[in-house]
Structures are given as structure tokens and as C-alpha cells.
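K.L.:
Please read through the structure below; I'll follow up with questions.
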Amino acid sequence: MITTAKAGVFCDYCKDAWGGRRVNGVFTWHEKAQRQAVVTITSVTIKAKGTVRSYCGECRNLVSNWPDGTVFPLAEQVEAAIKAESPILKFGASQ
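Yeah, the sequence shown ends on 125 if you go by this note's numbering, and it's all consecutive.
This is the structure we're talking about:
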């Protein structure tokens, strides 16, 4: 499920890339890690159910436009993940 990110939610890719530090017991994100997210994706697939990821505009484009030139928008990625699990949901997982 893709929604507009709430105010004060930072991009997870930027947080991962830039990190933060603890000073006097207080954790603070690096300045570049504090980029406002524009979209938030909440996973609805079986494996990642409830996982929340947020992306700024630049990182959203990064995960949608692959190095080989493929354009795979987030909405289509979510749809493909759900469709890939459809047989599991319909017939059950074999163990």
C-alpha cells in the first residue's frame, strides 16, 4: 500500500546511507539523513507484512529506475509482489 508520507518522516534510504551519531546519550540523524519522505510503502505481502519503508523523491526515482534502463515504478513493484504471492494465498504454502 502506497501513501503520502507524513510530515517529519525521513527517507529510509537516506537514513541508511548517512546514518547518525550518539552525543551525550542522544541519537541524532546526520543532516543529509533528514530528508523528508514523499511516499510511505506498507508491505502487504506474506513475507514482509507490515514492513514500512519511506522514500524521498530522489530515492523513489532510484528504486524505480534501474541501472540497466528498466523503469519499474513503485506501484508496479507492489502489484508484482502481490501477484507473485497469489498462488500461495490461493493454494496454500507447501511445507
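Each residue gets a CB set at the ideal place from its N, CA and C atoms; glycine is no exception. Note that the structure is predicted; figures quoted are calculated from it, not measured.
Please report the residue range of the beta strand (DSSP E) in which valine 82 lies.
P.N.:
The sequence position of residue 82 within the sequence shown is 52, counting from 1. Residues 82-85.
K.L.:
Under 6 angstroms Cβ to Cβ from glutamine 125, same chain only, skipping five residues before and after it: list those, please.
P.N.:
Here residue 125 refers to the residue found at position 95 when the sequence shown is read from its first residue. With a pLDDT of only 44 at glutamine 125, under the threshold of 50, the placement of this residue in the model should not be trusted; the figure read from the coordinates follows. Cβ within range, chain order: n/a, list empty.
K.L.:
Tell me the residue span of the beta strand (DSSP E) that contains tryptophan 59.
P.N.:
Mapped onto the sequence shown, residue 59 falls at position 29. Its beta strand (DSSP E) spans residues 56-59.
K.L.:
Check whether the region 37-48 and the region 59-69 are in contact - that is, three or more C-beta pairs closer than 8 angstroms.
P.N.:
Contact holds: three or more Cβ-Cβ distances are below 8 angstroms.
K.L.:
Considering only residues of the same chain and omitting the five flanking positions on each side of arginine 90, which have a CB-CB separation below 7 angstroms?
P.N.:
To locate residue 90, count along the sequence shown from 1; it is residue 60. Only Val68, Val69 and Leu104 meet the Cβ criterion.
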